[in-house]
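What follows is one structure encoded as structure tokens, with my remarks underneath.
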Amino acid sequence: MGIKSFARKRAIHLMLVYTGGCNGCDIEIVNSVLSPRFDAEQYKVFLTWNPREADVLVVTGPVTALNRKPLEAIYEAIPDPKIVIAAGSCALMGGVYKNIHGDIPSEEIEGPVDQIIPVDAKVPGCAVRPQDVLSGLVSILPKLLDSD
Ligand code: SF4
Numbered sequence: 058m059g060i061k062s063f064a065r066k067r068a069i070h071l072m073l074v075y076t077g078g079c080n081g082c083d084i085e086i087v088n089s090v091l092s093p094r095f096d097a098e099q100y101k102v103f104l105t106w107n108p109r110e111a112d113v114l115v116v117t118g119p120v121t122a123l124n125r126k127p128l129e130a131i132y133e134a135i136p137d138p139k140i141v142i143a144a145g146s147c148a149l150m151g152g153v154y155k156n157i158h159g160d161i162p163s164e165e166i167e168g169p170v171d172q173i174i175p176v177d178a179k180v181p182g183c184a185v186r187p188q189d190v191l192s193g194l195v196s197i198l199p200k201l202l203d204s205d
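For the sequence shown, position 114 (counting from the first letter as 1) is numbered 171 according to my numbering, and the numbering increases by one without interruption.
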């Protein structure tokens, strides 16, 4: 077992990145998933704002042109192996940011997330349900623990 897998058996660090949505998904994740109500810490999942410390990147929002480079920089700063979860319909397919033709306006929106960085798990919803985020998170833990 590699040293990272050994450390991950004690703690998984999750970083949340907003890429231009309405913040509804971020509120559900920070105020519910990571709060004592849904208590992600019971699975040894802790929040970090430092990409060098992160194992899991959770991305919300459609990835606006302004947010593309910061998202790529954060993704690159997270040490391998890493896991990415796209959370919410904006992150998965543009959500409410699609135009009336059902297209994503490419001059403003450069997502969805899987067009920018590799995505390992997708959590639908507008906003996401805390239990779905937790379920997506728990589903990728074995992959993370066996990854090195
Ligand atoms: S999926 Fe819905 S709640 Fe989440 S950021 Fe987009 S518009 Fe907001």
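From the three backbone atoms N, C-alpha and C, an ideal C-beta is built for every residue, glycine too.
Beta-bridge partners assigned by DSSP to A184: none are found. According to the DSSP assignment, A144 belongs to the beta strand (DSSP E) that extends over I140 to A144. Residue state for I197 is assigned as helix, using DSSP reduced to three classes. Taking 7 Å as the cut-off, the Cβ atoms of V120 and I173 count as close.
For I135 and K179, the gap between their C-alpha atoms comes out near 19 Å. For A178, the CB stays at least 6 Å from every heavy atom of ligand 1. Nearest Cα to Q188 within the set S89, V170 and L104: S89.
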